[in-house]
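Here the structure is laid out as structure tokens; the discussion comes afterwards.
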Amino acid sequence: MEWITRSGLVIGTFPPLKAIAPGLEVFITTRPGGASAPPFESLNLGGTLGDRHETIERNRKLLLAALGISPRRLARTGQIHGSEIAVVTRGGHYEGFDALATAKRGLSLAISTADCYSVVIYSPPEHALAALHVGRRGAELGIVGRTVGVMRKRYRIDPAYAVAVIGPGICGKCYSVSRDDALRFPKAFRRFERGAWHLDLAALIERELALQGLKKRNIFSSGLCTACNPELFFSHRRDRGITGRHWTLASMRPAGE
Ligand SMILES: [Zn+2]
Numbered sequence: 016m017e018w019i020t021r022s023g024l025v026i027g028t029f030p031p032l033k034a035i036a037p038g039l040e041v042f043i044t045t046r047p048g049g050a051s052a053p054p055f056e057s058l059n060l061g062g063t064l065g066d067r068h069e070t071i072e073r074n075r076k077l078l079l080a081a082l083g084i085s086p087r088r089l090a091r092t093g094q095i096h097g098s099e100i101a102v103v104t105r106g107g108h109y110e111g112f113d114a115l116a117t118a119k120r121g122l123s124l125a126i127s128t129a130d131c132y133s134v135v136i137y138s139p140p141e142h143a144l145a146a147l148h149v150g151r152r153g154a155e156l157g158i159v160g161r162t163v164g165v166m167r168k169r170y171r172i173d174p175a176y177a178v179a180v181i182g183p184g185i186c187g188k189c190y191s192v193s194r195d196d197a198l199r200f201p202k203a204f205r206r207f208e209r210g211a212w213h214l215d216l217a218a219l220i221e222r223e224l225a226l227q228g229l230k231k232r233n234i235f236s237s238g239l240c241t242a243c244n245p246e247l248f249f250s251h252r253r254d255r256g257i258t259g260r261h262w263t264l265a266s267m268r269p270a271g272e
């Protein structure tokens, strides 16, 4: 991941995508440059746990203007820790879904997180794009595989040509879970250390993408932990629920650009 600064906002980008997926741009937002006051400082893009609604809207406008994304061509999810996928052709707020899929050029998809992972999957030949929210529940429900399944069926993608981006999320050292929750996952992704069970969701997502047929060299990960990096990211776990949200934005350029 490489940082760019636009209108005072610090945004993560993935330069290798330019060559292998020229129709796609992925942006990871961070905390600096927004209008929210503590404990939501400062680019809080979601979360209704105390920040002012008008301030969140102001932050969203600032971000979209900085990236040249039209708010009308932005699709967002309601995110309920489920595994339902909305196939969309226009912007809007899709309540009750944790994943969005589209082949509509010029459309952008946003996933809001603060410890959970965002995943973007894009297949260049069909200009088919998906963005999903993956927490422990979503992973358990198989949302990664389900989304690739929808892309195969709906857009006839071949995952061998697809690229994926895994956004920042809580790392395997920071993410402690109950024993029952840990034991629901394969051995390779859970560990008992410092008196508690821990899950490595990023590794789990990577493995799932590979099982679905994506090539390892086409999977890009930010490698950053939301809980370990308080100056950059909000963290639900670290901030005990009183925190903001950042976005992963996946944007398909309009035809001809
Ligand atoms: Zn961490």
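Take 16 as the starting number for the sequence shown in the numbering used here and just add one per residue.
No residue lacks a Cβ here, since even glycine has one placed at the ideal position from N, Cα and C.
Test item: CB-CB of residue i and residue j under 8 angstroms
i	j	result
L169	V102	With the sequence shown as reference, residue 169 is identified as Arg, and Leu is not the correct amino acid for it. In contact: R169 and V102 (Cβ atoms closer than 8 angstroms).
F55	G184	no
V135	A242	no
S191	A211	yes
Y137	A217	no
R161	S98	yes
T263	T128	yes
G228	P174	yes
I43	G187	no
S57	I84	no
A197	L214	yes
A145	I234	no
H108	R152	no
A52	P139	no
Cross-strand partners of residue i (DSSP beta bridge)
i	result
G107	A90
V135	A146 and V180
L287	Coverage of the chain is limited to positions 16 through 272, which leaves residue 287 absent and any answer about it impossible.
E115	For the record, residue 115 in the displayed sequence is Leu; it is not Glu. Per DSSP, A101 and A146.
E141	Looking at the DSSP assignment, E141 forms no beta bridge with any residue, so it has no partner.
E17	T28
CB-CB length for residue i against residue j, believed under 8 angstroms
i	j	result
A90	I100	Between I100 and A90 the Cβ distance is about 12 angstroms, and since that is not below 8 angstroms, they are no contact.
M16	G27	5 angstroms
R21	L82	7 angstroms
R120	H142	6 angstroms
L79	G49	Going by Cβ atoms, the distance from L79 to G49 rounds to 13 angstroms, so no, they are not a contact pair.
Which runs of the beta strand (DSSP E) at least 3 residues long sit entirely within the stretch 182-240? Give them in chain order. 205-208, 211-214 and 234-236
What are the start and end residues of each continuous beta strand (DSSP E) run of 3 or more residues lying completely inside the stretch 19-105, in chain order? 24-28, 39-44, 89-92 and 100-102
Does the pairing of the stretch 76-95 with the stretch 106-125 give three or more beta-carbon distances under 8 angstroms? yes
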